[in-house]
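Colleague: The structure follows.
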Amino acid sequence: MGERSSGRRALITGITGQDGSYLAEFLLQQGYEVHGMVRRSSTESSERIAHIQEKLHLHQADLLDQGSLIELVRSAQPREIYNLAAQSFVPTSWAQPGLTGEFTGLGVTRMLEAVRLVDPGIRFYQASSSEMFGRTRETPQNEATPFHPRSPYGVAKAYGHHITVNYRESFGIFAASGILFNHESPRRGREFVTRKISEGVARIKLGLQSELRHGNLDSKRDWGYAPEYVRAMWLMLQQEKPADFVVGSGTHHTPREFAELAFAELNLDPADFLTHDPALLRPAEVDTLLADPSRAQKQLGWRAETGLAELVRIMVHADLEAQERISGRRRRGAGAR
Ligand code: NAP
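Right under this line is the structure:
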C-alpha cells in the first residue's frame, strides 16, 4: 500500500480492468494519491496492476453492496471518482442480463448515492459507451445522437448515462459521462474480438492453435488505443463545468480488417486459419459505430493518436512475446523480429 500524500486524491472503481490499470498509471504520473476498489474473490485478479500495486491504496467493496460503497468513499476521501467497474462484455450481457443490469446500470446509482451522501463535492466520471447508440440513428454519432441500444449491456449503460446526467441536474454534482468508443490494448480482456484475434494469431504463429473461430467480422467499429483514452477521462474532470463527451478516433474499420492486418504482421494468410462459427453471432448486432469527437477535440484538446495498423502491431507483438514466455516456443519465419 502506498503512502498518504497531501496532494490530489482519486478513487478508481474497476482498477483491475484494462482502463483502470492505465488510468492508475496515468494518475500516479500526475502526482495523485490513487485509491482503487477491488471486489472480494478467492483468487487475485490484479495481474494488470501488479507492477504498481505497492503505490496504490486498494479497498474491498462491491457495486452490488451500497453500504460497502459508502464506506469506500468515506475511507478513501477522494476528490475525483472514476467509475469504470462494470460487467463490460456485450455477449455475456445476453447470458446474464439481470446481473449486467445490477452491475453496469444500478451500480452507477449506488456509486452516485455514495457521492451524494458522503461528499457531493467529489467530481465523478462515468464510463459510458458507444454501445448505447446501437442501431444508430445517424452517422457519425455525437453527444446529441439518440440512443437505441441493442444488448442488455447497452441498455444498462444507457441507464448509467442518464442517471449520471440526472444526479448532475438534481443535486449539482460535478458528474461527467464519457461516451467512449472501443479502445484496445495488450491488456484488453481475452474474450474481446481484437484481443481474441491478436492472441489467436500469435498462438497460430507458434503452432499452439490451428484456427481462429469467429462470428460476424463485418460490423464497423471505431477503435483507438486505451492509454490515450484514459487521459480524456481525466481531462473531463479538470473542466470548469461538467459535461458529456464522445471520445473516439473518427475512423472506423471491421474486425476482418483487424484480422487481415494481424495475420499479415506475422506473415500468415488469414484464409488458412479463419473459421466461421455461427454460435458466435450476437442475437442483435450493432452494424456501424463511428465517433464524431469534435467536442472533445475542441473543449478538451484531446484527439486519438494511434491508428489501426499501429494498434494491431502493438497488440500482436505483445501477445507473441507473452505466448513465447508461457509456452517456451520461439517464432520462426520472416515475420519474426
Ligand atoms: P474491464 O477490463 O472488463 O474491467 C472491468 C472492471 O470492473 C474490472 O476491474 C472488474 O473487476 C470490475 N468489476 C466488475 N464487476 C464488479 C463488481 N460487482 N464490483 C466491483 N468491481 C467490479 O473493462 P475496461 O475495458 O477496462 O472498461 C472500463 C469501463 O469502461 C467499463 O465500465 C466498460 O464497460 C466501459 N467501456 C469500455 C470500453 C472499451 O472499449 N474498453 C468502451 C466504452 C466503455 P474484476 O477484475 O474483479 O473482474
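With the working numbering applied, the sequence shown covers 4 to 340.
Note that beta-carbon positions come from the ideal geometry of N, C-alpha and C, so glycine has one too.
Within the same chain, show all residues whose beta-carbon is closer than 8 Å to that of Gly-5, passing over the 5 residues directly before and after it, in chain order.
Modeller: For the purposes of this step, residue 5 is identified with residue 2 of the sequence shown, where counting begins at 1. Any answer about Gly-5 is weak, because its pLDDT of 43 lies below 50 and its placement is not dependable; what the coordinates show is given next. Same-chain partners within the cutoff: Glu-36, Val-37, Glu-57, Lys-58, Leu-59 and His-60.
Colleague: Per DSSP, what are the beta-bridge partners of Ala-294 in this structure?
Modeller: Translated into the one-based positions of the sequence shown, residue 294 becomes position 291. According to DSSP, which records beta bridges pairwise, Ala-294 is partnered with Gln-144.
Colleague: Gln-212 and Gly-218 look like a contact to me (Cβ under 8 Å); what is the Cβ gap, rounded to whole Å?
Modeller: For the purposes of this step, residue 212 is taken as residue 209 along the sequence shown, with counting starting at 1. For the purposes of this step, residue 218 is taken as residue 215 along the sequence shown, with counting starting at 1. About 17 Å; that fails the 8 Å criterion.
Colleague: Assuming the contact rule is C-beta atoms closer than 8 Å, Arg-191 and Gln-21 should be a hit. Round their C-beta distance to whole Å, please.
Modeller: One-based indexing of the sequence shown puts residue 191 at position 188. One-based indexing of the sequence shown puts residue 21 at position 18. That belief holds up - the Cβ atoms of Arg-191 and Gln-21 are roughly 5 Å apart, short of 8 Å.
Colleague: Should Leu-31 and Ile-55 be called a contact, given that it needs their Cβ atoms to be closer than 8 Å?
Modeller: The residue labelled residue 31 in the question sits at position 28 within the sequence shown. The residue labelled residue 55 in the question sits at position 52 within the sequence shown. Cβ distance < 8 Å, so Leu-31 and Ile-55 count as in contact.
Colleague: With contact counted as at least three CB pairs below 8 Å, one residue from each stretch, are the stretch 267-275 and the stretch 39-48 in contact?
Modeller: The stretch 267-275 vs the stretch 39-48: no contact.
Colleague: Per DSSP, what kind of secondary structure is Ala-205 in: helix, strand or coil?
Modeller: For the purposes of this step, residue 205 is taken as the residue at position 202 of the sequence shown. Looking at Ala-205 - three-state DSSP - the assignment turns out to be helix.
Colleague: Could you pull the start and end residues of the alpha helix (DSSP H) that Ile-317 belongs to?
Modeller: Mapped onto the sequence shown, residue 317 falls at position 314. Taken as a continuous stretch (DSSP letters only), the alpha helix (DSSP H) holding Ile-317 covers 311-330.
Colleague: Given 7 Å as the limit, tell me if Thr-2 has its C-beta closer than that to any heavy atom belonging to ligand 1.
Modeller: With the chain covering 4 to 340 only, the question about residue 2 has no answer from this structure.
Colleague: Spatial neighbours of Gln-80 within its chain, please: CB distance less than 8 Å, with the 5 preceding and 5 following residues excluded, ordered by chain position.
Modeller: Start at 1 with the first residue of the sequence shown, and residue 80 comes out as number 77. Same-chain partners within the cutoff: Arg-12 and Asp-122.
Colleague: Would Gly-331 be called buried (16 or more neighbouring beta carbons within 10 Å of its own) or exposed?
Modeller: Counting from one through the sequence shown, the residue named residue 331 turns up at place 328. Exposed, since its Cβ has fewer than 16 Cβ neighbours within 10 Å.
Colleague: With respect to 7 Å, is the separation between the Cβ of Arg-11 and the closest non-hydrogen atom of ligand 1 below this value?
Modeller: Position 8 of the sequence shown, counted from the first residue, corresponds to residue 11. Arg-11 Cβ: outside cutoff for every heavy atom of ligand 1.
Colleague: Who pairs with Gln-63 in a beta bridge, going by DSSP?
Modeller: Translated into the one-based positions of the sequence shown, residue 63 becomes position 60. BP columns for Gln-63 point to Val-41.
Colleague: Just the C-alpha distance for Thr-112 and Asp-247, rounded to the nearest angstrom, thanks.
Modeller: Stepping through the sequence shown from its first residue, residue 112 is reached at position 109. Stepping through the sequence shown from its first residue, residue 247 is reached at position 244. In a straight line, the C-alpha of Thr-112 is about 17 Å away from that of Asp-247.
Colleague: Taking only three categories from DSSP, how would you classify Ile-166?
Modeller: Position 163 of the sequence shown holds residue 166. Here Ile-166 sits in helix by DSSP.
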